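In our numbering, the protein residues as written are 2 to 380. So the structure is just underneath, and the comments pick up after that.
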Amino acid sequence: MRTPFFLALLLTVAAAGCGSPESPTQTPLADQESLDAQGDAGGAQMKSRGVRLRPESLPYISVTTIEPKPFAGAISAPAHVDFRAKAISSAGTVVAGRISKIHVQVGDKVKAGDPLATLASAEAAQMRSDFLRAKAELEREENHYRRQEEMKRTGVGLEIERLDAEAQRDEARADYTRSLEALRMLGEGSGEEVIVHAPVAGTVLKANAAVGSAVQPGAALFDLGESSALWIIADVFERDLLLVEKGSRVTIDIPSLDHPITGHVVGESAAIQAELRRASVFIETDSAEVPLRPGMFARVSIQATAPKQIVLPTSAVLIKDGKQTIVYVEIAEGLFEPRNVLVGQAREGMTPVLEGLQGGERVVVKGALLIDAEAAMLL
């Protein structure tokens with residue numbers, strides 16, 4: 002008696018399986034397509050998912066055919082004015098002593114040989130005394146040698162006595178030479194007075210001296226910077242260094258000057274600042290008449306050039322999930338696909354594309370956000 006019941010149930014299930022499936026709901030502006038392309042070899046299939054915009058949405062989209070081209074831009078970086086390498090000299094003394102007078106202060110401009118400070122030194126007095134003694138001893142030994150030579154010539158002197166006098170004269174001459182060189186290093190003055198002179202013309206940058214203070218040999222009492230040996234040091238990001246060349250033109254803005262000045266790159270530092278990931282770029286000004294001072298702050302704009310590469314408006318490049326960078330490529334009329342790309346540093350509203358695109362492709366340069374929003378709705 003149950004057979005008719007099971008037969009009716011079976012017919013009901015079969016009828017349900019033969020019904021037509023519901024059609025998927027379409028978005029108002031776009032639908033998603035799956036394009037299957039048969040490969041030339043092996044019969045493998047490649048699927049590419051794209052977003053097709055309806056005709057009424059296309060006026061909001063701009064597409065351009067891309068080609069590699071030189072990408073020139075400006076690298077902006079903070080900078081400061083400083084002395085060139087080897088343009089800073091130190092002035093000190095070769096003897097111990099005590100400072101009795103200071104002739105300059107920080108910021109003063111001096112000429113080579115100008116007095117910086119005066120010291121009182123017992124060691125200097127002893128050196129001058131030793132020099133006078135060595136000078137007198139040399140004169141005495143030279144006179145003695147001349148007498149022995151004359152006696153030997155006239156036959157009343159012995160050769161051994163002449164040789165002994167010659168050796169004593171040579172020893173006195175060496176002692177005198179050592180004393181003279183020490184006195185030259187000591188500089189002018191008399192008795193225990195020692196005058197510290199400027200070794201070069203420049204500006205007094207630092208004074209490590211005070212009246213009455215004791216100083217030791219070799220101590221740097223003053224630091225001098227050559228006023229004509231200033232340059233501008235810019236701190237440029239590591240990623241931008243490849244775009245900076247020796248000779249690159251530079252525009253320099255210094256707040257204390259009423260107009261920008263120009264210059265050019267003359268070199269780069271060999272090391273990168275580990276914490277800031279920056280390197281120093283050294284810049285010379287085009288005019289030596291610019292009133293620069295050490296420590297001035299500046300902002301530089303370095304004209305950079307690069308090999309030919311694909312460049313897009315920065316608005317055409319979208320960042321997904323904070324790490325994925327994409328652009329939209331037109332693969333058929335009104336049909337667009339996302340493309341992962343690797344980009345470089347954006348400058349002046351343009352972004353270089355390092356990987357992911359080829360010349361001749363058509364890329365969305367306006368309206369990429371609209372396409373991306375439609376793609377998100379189709380997921």
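Just so you know, even glycine gets a beta-carbon here, dropped at the ideal spot from N, CA and C. It should be emphasised that the depicted structure is a prediction, and the values quoted were computed from it without experimental measurement.
Between the CA atoms of residue j and residue i - distance to the nearest angstrom
{"i": "Ser316", "j": "Val64", "result": "13 Å"}
{"i": "Phe132", "j": "Ile100", "result": "23 Å"}
{"i": "Leu379", "j": "Thr66", "result": "27 Å"}
{"i": "Ala166", "j": "Ser180", "result": "21 Å"}
{"i": "Ile62", "j": "Val365", "result": "7 Å"}
{"i": "Lys153", "j": "Lys136", "result": "26 Å"}
{"i": "Ile332", "j": "Arg340", "result": "11 Å"}
{"i": "Ile233", "j": "Pro308", "result": "27 Å"}
{"i": "Val318", "j": "Ala369", "result": "8 Å"}
{"i": "Val291", "j": "Asp236", "result": "21 Å"}
{"i": "Val95", "j": "Gly203", "result": "22 Å"}
{"i": "Val52", "j": "Ala347", "result": "27 Å"}
{"i": "Arg185", "j": "His81", "result": "39 Å"}
{"i": "Val107", "j": "Leu355", "result": "52 Å"}
{"i": "Thr119", "j": "Ala220", "result": "14 Å"}
{"i": "Thr306", "j": "Phe238", "result": "16 Å"}
{"i": "Pro79", "j": "Ala208", "result": "29 Å"}
{"i": "Tyr177", "j": "Leu293", "result": "48 Å"}
{"i": "Ser86", "j": "Gly264", "result": "Note on identity: in this sequence residue 86 is Ala, with Ser being the wrong assignment. Cα-Cα distance, rounded: 18 Å."}
{"i": "Val410", "j": "Leu258", "result": "Residue 410 lies beyond the stretch modelled for the chain, which goes from 2 to 380, so this question has no answer here."}
{"i": "Lys70", "j": "Lys321", "result": "27 Å"}
{"i": "Lys1", "j": "Gly345", "result": "Since the first residue of the chain shown is 2 and the last is 380, residue 1 is not available in this structure."}
{"i": "Arg240", "j": "His104", "result": "49 Å"}
{"i": "Arg134", "j": "Ala88", "result": "40 Å"}
{"i": "Glu151", "j": "Val205", "result": "59 Å"}
{"i": "Lys367", "j": "Glu68", "result": "17 Å"}
{"i": "Leu159", "j": "Ala123", "result": "45 Å"}
{"i": "Pro256", "j": "Ser229", "result": "21 Å"}
{"i": "Ser77", "j": "Gly323", "result": "25 Å"}
Local Cβ density within 10 Å of residue i, reported as buried at 16 or more and exposed below that
{"i": "Gln1", "result": "Residue numbering for the chain in the displayed model covers 2 to 380; residue 1 lies beyond these limits and cannot be assessed."}
{"i": "Ala211", "result": "exposed"}
{"i": "Leu358", "result": "buried"}
{"i": "Ala377", "result": "exposed"}
{"i": "Pro353", "result": "buried"}
{"i": "Ile284", "result": "buried"}
{"i": "Asn155", "result": "According to the sequence provided, residue 155 is Thr. The question's Asn does not apply to it. Exposed, since its Cβ has fewer than 16 Cβ neighbours within 10 Å."}
{"i": "Glu57", "result": "exposed"}
{"i": "Leu164", "result": "exposed"}
{"i": "Ser288", "result": "exposed"}
{"i": "Phe298", "result": "exposed"}
{"i": "Leu187", "result": "buried"}
{"i": "Ala92", "result": "buried"}
{"i": "Gly98", "result": "buried"}
{"i": "Leu243", "result": "exposed"}
{"i": "Ser90", "result": "buried"}
{"i": "Val245", "result": "buried"}
{"i": "Val157", "result": "exposed"}
{"i": "Leu139", "result": "buried"}
Contact belief for residue i with residue j at Cβ below 8 Å, rounded distance in angstroms
{"i": "Ile372", "j": "Leu54", "result": "7 Å"}
{"i": "Ala75", "j": "Glu349", "result": "7 Å"}
{"i": "Val330", "j": "Glu362", "result": "6 Å"}
{"i": "Ala121", "j": "Glu194", "result": "7 Å"}
{"i": "Phe72", "j": "Gln310", "result": "6 Å"}
{"i": "Phe337", "j": "Leu231", "result": "Phe337 to Leu231, Cβ: 55 Å. No contact."}
{"i": "Val266", "j": "Ile303", "result": "7 Å"}
{"i": "Met408", "j": "Pro314", "result": "For the chain, the structure presents residues 2 to 380; residue 408 sits outside this window and is missing."}
{"i": "Gly360", "j": "Leu59", "result": "Gly360 to Leu59, Cβ: 24 Å. No contact."}
Heavy atom of the ligand HEM within 6 Å of residue i beta-carbon
{"i": "Val157", "result": "Absent from the structure shown: the ligand HEM. Ligands present: none."}
Those residues which DSSP pairs with residue i across a bridge
{"i": "Pro339", "result": "Tyr329"}
{"i": "Ile76", "result": "Ile303"}
{"i": "Pro71", "result": "Lys309"}
{"i": "Pro116", "result": "His198"}
{"i": "Glu356", "result": "Leu343"}
{"i": "Leu231", "result": "Phe84"}
{"i": "Arg226", "result": "The sequence given here has Gly at residue 226, not Arg. Partner(s): Ile89, Thr204."}
{"i": "Arg363", "result": "Thr66"}
{"i": "Pro292", "result": "Answer is none; Pro292 lacks a bridge partner."}
{"i": "Lys321", "result": "Gln325"}
{"i": "His265", "result": "Arg250, Glu285"}
{"i": "Thr238", "result": "Here residue 238 turns out to be Phe, not Thr, going by the sequence shown. According to DSSP, which records beta bridges pairwise, Phe238 is partnered with Arg279."}
{"i": "Pro314", "result": "Met351"}
If we count Cβ pairs, one from each stretch, closer than 8 Å, do we get three or more for the region 158-172 versus the region 116-133?
no
Contact between the region 211-219 and the region 140-147: three or more CB pairs below 8 Å?
no
At a cut of 8 Å, does the region 271-281 reach the region 251-262 through at least three beta carbon pairs?
no
May I ask you to verify whether the region 225-232 touches the region 193-205, counting CB pairs closer than 8 Å and requiring at least 3?
yes
At least 3 beta-carbon pairs within less than 8 Å: the region 257-273 vs the region 107-121:
no
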